[in-house]
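J.: Could you have a look at this structure, given as structure tokens, before my questions?
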DNA sequence: GCAAAAGGTTTGTCTTGACAAACCCCACAT
DNA sequence: ATGTGGGGTTTGTCAAGACAAACCTTTTGC
């Protein structure tokens with residue numbers, strides 16, 4: 002896949018889809034009307050756009066995501082790391098720690114993660 | 002400061018400014034022409050736009066950044082963390098480790114960072 | 001004095017994201 | 001046959017980003 006660019010409206014839409022999938026397209030349109038104030042064509046246009054980007058599929062009027070929230074989070078994180086930190090997680094963390102103190106439980110959790118990553 | 006949104010062109014411009022500052026505005030326009038293919042007004046417009054955002058200043062035709070690369074990196078990182086991981090660094094790292102193995106020296110560097118963050 | 005350079009601003013064009021009005025087709029119920 | 005609902009598409013409008021043509025003013029050099 003090429004460089005993935007997602008805009009705010011697309012992300013909001015995906016959040017709704019993840020919470021509702023698998024979901025009938027008309028039901029999804031109703032939810033978007035309720036939560037985002039969208040009219041029906043807006044939702045169908047978004048469905049078509051994200052299907053073109055292969056992020057979801059709409060088969061037999063049932064919409065399912067082709068990418069999980071987790072995977073999207075990871076892709077976005079990697080993109081940021083690559084763009085701003087040359088892919089270096091330590092560089093990211095160092096920059097981050099400069100502006101903010103982590104809680105002890107956060108540090109413990111980080112330590113555990115690193116131990117697990119070693120094995 | 003409000004929620005900071007920077008677009009690609011702005012980021013590219015800032016990279017050039019950071020590499021050259023303090024720099025005469027006309028010299029900056031020359032560099033942008035060379036590296037980005039911009040004409041002079043484009044650069045001056047960008048200078049004015051980013052000055053409005055208080056990201057740089059142009060005094061006596063000398064341009065300097067008001068935000069360092071480091072600080073921008075941190076702001077972007079925090080925005081991503083907040084948007085996708087509810088501000089949790091461990092959650093970020095866990096998601097990240099799911100898709101990629103870190104090198105031993107990276108793990109060491111991370112461990113050191115965490116030890117230092119404890120004191 | 002005049003032209004060129006320095007240091008800009010104003011206005012315009014094109015592209016694209018965000019959103020929807022108008023419309024389409026099919027199936028089903030009455 | 002007609003109306004309604006389901007499931008969409010096409011086309012349009014508006015706003016904003018990206019970029020620059022045309023223009024402006026001041027200073028400097030000849």
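Residue numbers (the working numbering), protein chains in the order written: chain A, 2 to 120; chain B, 2 to 120.
Glycine is no exception: its CB is placed at the ideal position from the N, C-alpha and C atoms.
From the DSSP output, which residues share a beta bridge with residue 61 of chain A?
T.: Bridge partners of residue 61 of chain A: none, in fact.
J.: In chain order, what residues of the same chain lie with their CB nearer than 7 Å to the CB of residue 59 of chain B, ignoring the 5 residues before and after it?
T.: 26, 48, 52
J.: Take the Cβ of residue 96 of chain A as the centre, count every other Cβ of all protein chains shown within 10 Å, and call the residue buried at 16 or more, exposed below.
T.: buried
J.: Provide the residue(s) that pair with residue 52 of chain B in DSSP beta bridges, ordered along the chain.
T.: Per DSSP, none; premise fails for residue 52 of chain B.
J.: Below 8 Å between beta carbons: does that hold for residue 65 of chain B and residue 23 of chain B?
T.: yes
J.: Let's test the definition: count the other Cβ atoms within 10 Å of the Cβ of residue 10 of chain A and tell me whether it reaches 16, buried, or not, exposed.
T.: It is exposed - the Cβ of residue 10 of chain A has fewer than 16 other Cβ atoms within 10 Å.
J.: Starting from the beta carbon of residue 87 of chain B, find every residue of chain A whose beta carbon is closer than 8 Å, and list them in chain order.
T.: Ordered by position in chain A, no residue passes the 8 Å Cβ test against residue 87 of chain B, which lies about 11 Å from the chain.
J.: Relative to the C-alpha of residue 115 of chain A, which candidate in B:117, B:44, B:112 has its C-alpha closest?
T.: Per the C-alpha coordinates, the member of B:117, B:44, B:112 positioned closest to residue 115 of chain A is B:112.
J.: Determine whether the beta carbon atoms of residue 108 of chain A and residue 118 of chain B lie at a separation below 8 Å.
T.: yes
J.: So residue 26 of chain A contacts chain B; which residues on that side make the cut at Cβ distance below 9 Å?
T.: Per Cβ cutoff of 9 Å: no residues; residue 26 of chain A is ~26 Å from chain B at best.
J.: Does residue 68 of chain A come within less than 8 Å of chain B when only Cβ atoms are used?
T.: no
J.: Assuming residue 100 of chain B and residue 75 of chain A form a contact by the criterion Cβ under 8 Å, report the distance between their Cβ atoms to the nearest whole angstrom.
T.: 5 Å
J.: Can you tell me which of B:94, B:5, B:120 puts its alpha carbon nearest to the alpha carbon of residue 110 of chain A?
T.: B:94
J.: If contact means a Cβ-Cβ distance below 7 Å, which residues of the segment 98 to 120 of chain A contact chain B?
T.: 98, 99, 100, 103, 107, 108, 110, 111, 112, 114, 115, 118, 119
J.: Just mark residue 120 of chain B as buried or exposed, buried being the case when its beta carbon has 16 or more other beta carbons within 10 Å.
T.: Residue 120 of chain B should be labelled exposed.
J.: In this structure, does DSSP put residue 41 of chain A in helix, strand or coil?
T.: helix
J.: Would you report the Cα separation of residue 41 of chain B and residue 77 of chain B, rounded to the nearest angstrom?
T.: 29 Å
J.: Apart from the five residues on each side of it in sequence, which residues of its chain come closer than 8 Å, Cβ to Cβ, to residue 30 of chain B?
T.: 39, 41, 44, 45
J.: Would you list, in chain order, the members of the segment 4 to 16 of chain A that have their beta-carbon closer than 7 Å to a beta-carbon of chain B?
T.: none
J.: Go ahead and pull the three-state DSSP assignment for residue 6 of chain B.
T.: coil
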